[in-house]
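Visitor:
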Amino acid sequence: MTSATISRAPATGSSADRAPRVNDFSMVVATVNGSGSQTSNMAIIRALFRMGIPVSGKNLFPSNIQGLPTWFTIRADAGGFLARQESAELLVGMNSATFLEDVRRLPAGGVCFYADHFSEGLDRKDLIYYPMPVQALVRELAPPKELREYIANMAYVGIVSRLLGVESEMIRSALMTHFQGKAKAVETNMRMVAAADAWASEHIVKTDPYVVRRDDRTKDKILVDGNTAAALGAIYGGVSFAAWYPITPASSLAEALQEHLPNLRTDPATGEATYAVVQAEDEMAALGMAVGAGWMGARAMTSTSGPGISLMAEFAGLAFFAEVPVVIWDIQRMGPSTGLPTRTSQGDLMFVRYLGHGDTKHVVLLPATPTECFEFGWRAFDLAERLQTPVFVLSDLDIGMNLWMTDPLLYPDQPMDRGKVLSADDLARLGSYARYRNVDGDGIGYRTLPGTDHPLAAYLARGTGHNEEAQYSERPEDWSANMERLWLKTETARQFVPAPIVDRMENARLGLICMGSVDLALREARTQLAREGLPTDCLRVRALPFTSEVVEFIEEHERIYVVEMNTDGQLRQLLQLEAPAHAARIGSIRLNDGLPLTADWIRRAIRSEEGG
Amino acid sequence: MAIDTERTGTMNRIGLEKGDYRGGATTLCQGCGHNSISSQIIAACYELSLAPERIVKFSGIGCSSKSPAYFLNRAFGFNTLHGRMPAVATGAMVANRSLKAIGVSGDGDTASIGLGQFLHFLRRNVPMVYIVENNGVYGLTKGQFSATADRGQVIKKIGENPFLPIDICQMGMNLGCGFVARSFAGDPKQAKELIKAALSFEGTALLDIISPCVTFNNRDESTKSYTWGKEHEIPLHDVTLVPAREEIQVDYEPGTGSMVELHDGSMLMLRKLERDYDPTDRLAALRVLEEARSAQELITGLIYYNAEQPVLPQVLHQVQTPLAALPVSMLRPDATSLEALQADLR
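Chains A and B supply the protein sequences, listed in that same order. No gaps in the numbering here: position 594 of the first sequence is 594 in the working numbering, and each next residue is one more. No gaps in the numbering here: position 252 of the second sequence is 252 in the working numbering, and each next residue is one more.
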């Protein structure tokens, strides 16, 4: 062990002088991408969660396989606020390339755990430094060469756990989950955790105030990422066809389908699959395949991100116009163009809403949590088949790829809605059939599925102009009647899409509107603002087209701000179109820097708009 | 060798008349090769006694892709996007493996804008008869070159085509297609028999049918013209499809022909013409295509045949029941399974 093993004197007194900060910190783990730190970070998060402490993890990673810096932020908060914070009080410095910068970012009174072979950046007087003899511990334990980097990362798990008070049995239990019960892998990792823990207890005197203590605030919660939840939602929604093309940050959704479908959807009688997943040659083909399967009557989906959505425009228009049910997940990342593949954004809203040339409008669902990803995962199929149209679900990288503490996934509380489908018997009874006739006055025709054994059943689906019988037509009255019916159908959609969630505070005159993952930070910001004497009401939009509650909410409030993560204020623009009489007083609070919003930023932005 | 398909009078084996297979009136030019092919599709389906309700038609965009409206009105169909028929057909045929598919595309749709999807479709061996109505030219946009246009071909407003044509059948060979055939719209009997054989094949059956465009590319020197086709067609063999249930009445004398058994038990009789040709010999197929290309010959017939490849629904280990027809009980797992899954998330 080196001389650095002796803890430096803290700059601002010892822990005895300060009240402990219990279950309340953000910690950033700075590592090198591809070095296997994910296992370590997951172990800490799960262990805290299993100690009953609200916790979240956000990975700020580069678009790179290996070698570039990555920062993983773990936030524990007794009050359950788990949005990103602007700065972390604790740093685990494992990357020499970023260490100076990482140290600079720590607030006064912050805590710096660092790999003890670092020699610079150790001179801030207002920090508490704890060395970690990572290399020495690795030498001592001599793990197999191929595991060395992974095991090295377990050193910080042991030392941080010792200093914070994370129960080592909970670390073990977390690793058991991570390694799916493989005892050998767990032991290999636990040896390092235990050695580092023992070293820390012997050599480090705790001088910082951050501690964790067992609580009971997670027992009704789960830890899951949005893409996994979305995939499970789709499975419980009866997905039977999925096509996809690899793209960050959406790939893990399709991969979760492929992971869980074999267990959940294998026919026990034959061992055969009741589903098909096809990796397409590009996103055009992915949506094209899903459209083919949806037209055939399967519950079909695809999942992608912005660049894929661009390629899907042509098929989205076809599916809208030929009225084919299909579900499209867009896990938004930063655009335009290739943009920032590993950073989050809400920038696809407008594009997706109108995706396709001509008068195209799509139904869009806007989940805010993994729990809602699950719910919209199955609901999207019901909506798509009810409305016979593509349904887009806009998640984002923050929801999709980060681990969220969230409410449990609720089993669908409604039977599947397969929409208006006519069987051969129905056709025999009816004696005539026209695919696109507005029989019920809601703009939605009756479908027949290929293979329906009746001479009246067939029609030729097409993206060209057609009459009620789906025959090619250039007659002006056929064209306009069809478009008017489609317009009516999108109005009908308002009755079926999920209503917004409204949260009110007493005496609030300020109305805030948001969508998706912004909700997490906005809730926290509103609590802060209320504490400062500025109560607010909040409406979270969950779907396009808007439902009537949205305009009512705007009408009810003196001042309105739309809080969102894009540069153009896209949700605000759509609201201005929806409520033109109020357009001028719908304000915009927006930030588009690739990172999830923080409560502090939102609070400051609202304060600044409101004049202090 | 005659196949008696008329033995029940005007009705076929499933009690349908030929009129039950017709489509809407064509809007293509009079004399267009595509109309002749539509007629042969109608005749083939009628003679094979296929239920039109069990057939699905697909197409992309272009003159050829309009034609699904002109045959089998009682079959469902999807007139998709330009060059994107393969994707739609892939999803559809995975979603319902019990149906038979006929895809009609053109050389622009398949070899220009849709080349990528076409190749991946072949690679996946999606069950479908893939007909390319090949005329080397864009008709609906009034006569531009497609990717199968002859090098040196001249179009008045555009000039001379400087690029080599893409050979549809060579693409099929390269991508492992198990049924590669070429025919000529001016040889309707052969086209019909090959369509019947293709309909009896389980995987992707590729039919490159030279189908002259009488309006924009029918000059005698064009390899896609009627005159050129009539003068240069060299059938590899005389083909006749004997459906599974019918007796094979003729046996070839040794050395005068051969038979290929198709997936549904029907037999394709190949009567020898000038040369010995074995369509199961991959190298021979590659050679005959290359020789035909360099000599500018219109080689027609079944060029390559290999029934060994599994089709996509087999590769995906799908249940026999069409995915689109699964009952809700097989689509939505029970609530207990969700609870079990969530135990791991706590």
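The beta-carbon is built from N, C-alpha and C at its ideal position, and this holds for glycine as well.
Identify the contact partners of serine 318/B in chain A, using a Cβ-Cβ distance below 7 Å as the criterion.
Guide: Your numbering for residue 318/B matches position 318 in the second sequence. Inspection of the sequence shows that residue 318/B is occupied by glutamine rather than by serine. The contacting residues are Glu272, Ala273, Ala276.
Visitor: Our contact map puts arginine 418/A next to glutamate 372/A with C-beta atoms below 8 Å; I'd like the distance itself, whole angstroms only.
Guide: What you label residue 418/A is simply residue 418 of the first sequence in a count that begins at 1. What you label residue 372/A is simply residue 372 of the first sequence in a count that begins at 1. No, arginine 418/A and glutamate 372/A are not in contact; Cβ-Cβ is about 23 Å, not under 8 Å.
Visitor: Taking the C-alpha atoms as reference points, what is the distance between glycine 226/A and alanine 183/A?
Guide: For the purposes of this step, residue 226/A is taken as residue 226 along the first sequence, with counting starting at 1. For the purposes of this step, residue 183/A is taken as residue 183 along the first sequence, with counting starting at 1. Glycine 226/A and alanine 183/A: Cα-Cα distance of roughly 28 Å.
Visitor: Would you check if the stretch 433-449 of chain A and the stretch 463-470 of chain A touch, i.e. whether three or more CB-CB distances between them fall below 8 Å?
Guide: Touching, yes, given that three or more Cβ pairs across the two stretches are closer than 8 Å.
Visitor: If we define contact as Cβ-Cβ less than 8 Å, is glutamate 221/B a contact residue for chain A?
Guide: As a position in the second sequence, residue 221/B is number 221, starting the count at 1. False, the Cβ-Cβ gap to chain A never drops below 8 Å.
Visitor: What residues in the stretch 72-92 of chain A bring their beta carbon closer than 9 Å to a beta carbon of chain B?
Guide: Result list empty, no residue passes.
Visitor: Assuming glutamate 187/A is part of the alpha helix (DSSP H), what are its boundary residues?
Guide: Position 187 of the first sequence holds residue 187/A. Segment 183-203, the alpha helix (DSSP H) holding glutamate 187/A.
Visitor: Determine the chain A residues that contact isoleucine 56/B at a beta-carbon separation under 7 Å, and present them in chain order.
Guide: The residue given as residue 56/B occupies position 56 in the second sequence. Looking at the sequence itself, residue 56/B is valine, so the reference to isoleucine does not match. Neighbours of valine 56/B on chain A, chain order: Pro450.
Visitor: I want to see whether chain B comes within less than 8 Å of phenylalanine 392/A, judged by CB atoms only; does it?
Guide: Reading the first sequence from its first residue, position 392 is the one you call residue 392/A. Not closer than 8 Å to any Cβ of chain B, the Cβ of phenylalanine 392/A fails to qualify, so no.
Visitor: With DSSP run on the structure shown, which of helix, strand or coil describes threonine 371/A?
Guide: By 1-based counting over the first sequence, the position of residue 371/A is 371. Correct three-state label for threonine 371/A: helix.
Visitor: Can you check whether the C-beta of aspartate 413/A is within less than 8 Å of a C-beta belonging to chain B?
Guide: As a working mapping, residue 413/A is identified with position 413 in the first sequence. Judged by the 8 Å Cβ criterion, aspartate 413/A is not in contact with chain B.
Visitor: Note down the Cα distance separating leucine 16/B from tyrosine 46/B, rounded to an integer number of angstroms.
Guide: Translated into the one-based positions of the second sequence, residue 16/B becomes position 16. Translated into the one-based positions of the second sequence, residue 46/B becomes position 46. Spanning the two alpha carbons is a distance of roughly 8 Å.
Visitor: I'd like to know whether the C-beta atoms of alanine 626/A and leucine 163/A end up nearer to each other than 8 Å.
Guide: Since the first residue of chain A shown is 1 and the last is 612, residue 626/A is not available in this structure.
Visitor: Go through its chain and collect everything with a Cβ distance to aspartate 282/A's Cβ below 7 Å, but skip five positions before and after it.
Guide: Along the first sequence, one-based indexing puts residue 282/A at 282. The answer, listed in chain order, is Tyr245, Leu311.
Visitor: From phenylalanine 99/A to isoleucine 168/B, what distance separates their C-alpha atoms?
Guide: Taking the first residue of the first sequence as 1, we reach residue 99/A at position 99. Taking the first residue of the second sequence as 1, we reach residue 168/B at position 168. Answer to the nearest angstrom: the Cα atoms are 59 Å apart.
Visitor: Does the beta-carbon distance from proline 69/A to alanine 30/A come in below 8 Å?
Guide: For the purposes of this step, residue 69/A is taken as residue 69 along the first sequence, with counting starting at 1. For the purposes of this step, residue 30/A is taken as residue 30 along the first sequence, with counting starting at 1. Yes; because the gap between Cβ atoms is below 8 Å, this pair is in contact.
Visitor: Which residues, in chain order, does the stretch 453-467 of chain A contribute to contact with chain B at a C-beta distance below 9 Å?
Guide: Those residues of the stretch 453-467 of chain A that come within reach of chain B (Cβ to Cβ, closer than 9 Å) are Asp453, His454, Pro455, Leu456, Ala457, Ala458, Tyr459, Leu460, Ala461, Arg462, Gly463, Thr464.
Visitor: Determine which residues of the stretch 281-298 of chain A have a Cβ less than 7 Å from any Cβ of chain B, and write them out in chain order.
Guide: Answer set for the stretch 281-298 of chain A: Glu281, Met284, Ala285, Gly288, Met289, Ala290, Val291, Gly292, Ala293, Trp295, Met296, Gly297, Ala298.
Visitor: Would you list, in sequence order, the uninterrupted beta strand (DSSP E) runs of no fewer than 3 residues that lie entirely inside the stretch 308-349 of chain A?
Guide: Those beta strand (DSSP E) runs which fall completely within the stretch 308-349 of chain A and span 3+ residues are 326-334, 340-344.
Visitor: Taking three-plus beta-carbon pairs below 8 Å as touching, is the stretch 320-337 of chain A in contact with the stretch 351-362 of chain A?
Guide: In short, these stretches touch, since the Cβ pair count reaches three.
Visitor: Given 8 Å as the limit, is there contact between the stretch 231-239 of chain A and the stretch 32-44 of chain A, that is, 3 or more CB pairs closer than that?
Guide: The stretch 231-239 of chain A, when compared against the stretch 32-44 of chain A, does not touch it at the 8 Å Cβ threshold.
Visitor: I want to verify the contact list: residues of chain B whose CB lies under 8 Å from the CB of tyrosine 236/A, in sequence order.
Guide: The residue you call residue 236/A lines up with position 236 of the first sequence. Arg332, Pro333, Leu338, listed in chain order.
Visitor: How many Å lie between proline 450/A and proline 310/B at the Cα?
Guide: In the first sequence, the residue the question calls residue 450/A occupies position 450. In the second sequence, the residue the question calls residue 310/B occupies position 310. Going by the C-alpha atoms only, they are around 24 Å apart.
Visitor: Around the Cβ of glutamine 495/A, are there at least 16 other Cβ atoms within 10 angstroms (buried) or fewer (exposed)?
Guide: Within the first sequence, numbered from 1, the residue matching residue 495/A stands at position 495. When all chains shown are included, glutamine 495/A counts as exposed.
Visitor: Using a cut-off of 9 Å between C-beta atoms, extract the partners of tyrosine 472/A located in chain B.
Guide: Taking the first residue of the first sequence as 1, we reach residue 472/A at position 472. Here the neighbours are Gly24, Thr27, Lys66, Ala69, Asn79.
Visitor: When the Cα of isoleucine 102/B is compared with those of Val94/B, Val129/B, Phe121/B, Gly139/B, which residue comes out closest?
Guide: Translated into the one-based positions of the second sequence, residue 102/B becomes position 102. Among Val94/B, Val129/B, Phe121/B, Gly139/B, the Cα nearest to that of isoleucine 102/B belongs to Val129/B.
Visitor: Verify the CB distance criterion: does glycine 103/B have a CB-CB separation below 8 Å to chain A?
Guide: Sequence index remark: in the second sequence, residue 103/B carries index 103 (1-based). Chain A contact via Cβ: absent.
Visitor: If you drop the 5 nearest sequence neighbours on each side, which residues of the same chain put their C-beta closer than 6 Å to that of arginine 559/A?
Guide: For the purposes of this step, residue 559/A is taken as the residue at position 559 of the first sequence. So the list reads Leu510, once near-sequence residues are dropped.
Visitor: Would you list the one or two residues that DSSP bridges to leucine 544/A?
Guide: Start at 1 with the first residue of the first sequence, and residue 544/A comes out as number 544. Bridge partners of leucine 544/A: Val364/A.
Visitor: If you measure between the beta carbons of leucine 90/A and phenylalanine 25/A, is that distance less than 8 Å?
Guide: Counting from one through the first sequence, the residue named residue 90/A turns up at place 90. Counting from one through the first sequence, the residue named residue 25/A turns up at place 25. Yes; because the gap between Cβ atoms is below 8 Å, this pair is in contact.
Visitor: With a threshold of 8 Å on Cβ separation, who are the neighbours of lysine 57/B within its own chain once the five nearest residues in sequence on each side are excluded?
Guide: Reading the second sequence from its first residue, position 57 is the one you call residue 57/B. Excluding positions up to five away in sequence, the list reads Pro68, Phe71, Leu72, Ala75, Phe76, Gly77, Phe78, Ala101, Ile102, Gly103, Val104.
Visitor: Which residues of the stretch 266-298 of chain B have a Cβ closer than 9 Å to any Cβ of chain A? Give them in chain order.
Guide: Against chain A - using a Cβ distance shorter than 9 Å - the stretch 266-298 of chain B contributes no residues.
Visitor: Taking the DSSP output, what are the residues bridged to arginine 462/A?
Guide: As a first step, residue 462/A must be located in the first sequence, where it is residue number 462. According to DSSP, arginine 462/A bridges with Asn79/B.
Visitor: Would you kindly work out how many angstroms separate the C-alpha atoms of valine 327/A and tyrosine 275/A, rounded to a whole number?
Guide: By one-based count along the first sequence, residue 327/A stands at place 327. By one-based count along the first sequence, residue 275/A stands at place 275. Approximately 15 Å between the Cα atoms of the pair.
Visitor: Could you spell out the range, first to last residue, of the beta strand (DSSP E) harbouring glutamine 190/B?
Guide: One-based indexing of the second sequence puts residue 190/B at position 190. Glutamine 190/B -> not in any beta strand (DSSP E); alpha helix (DSSP H) instead, spanning 188-199.
Visitor: When DSSP labels each residue in this structure, what does threonine 598/A get in the three-state scheme?
Guide: Within the first sequence, the letter at position 598 stands for residue 598/A. Strand, per DSSP.
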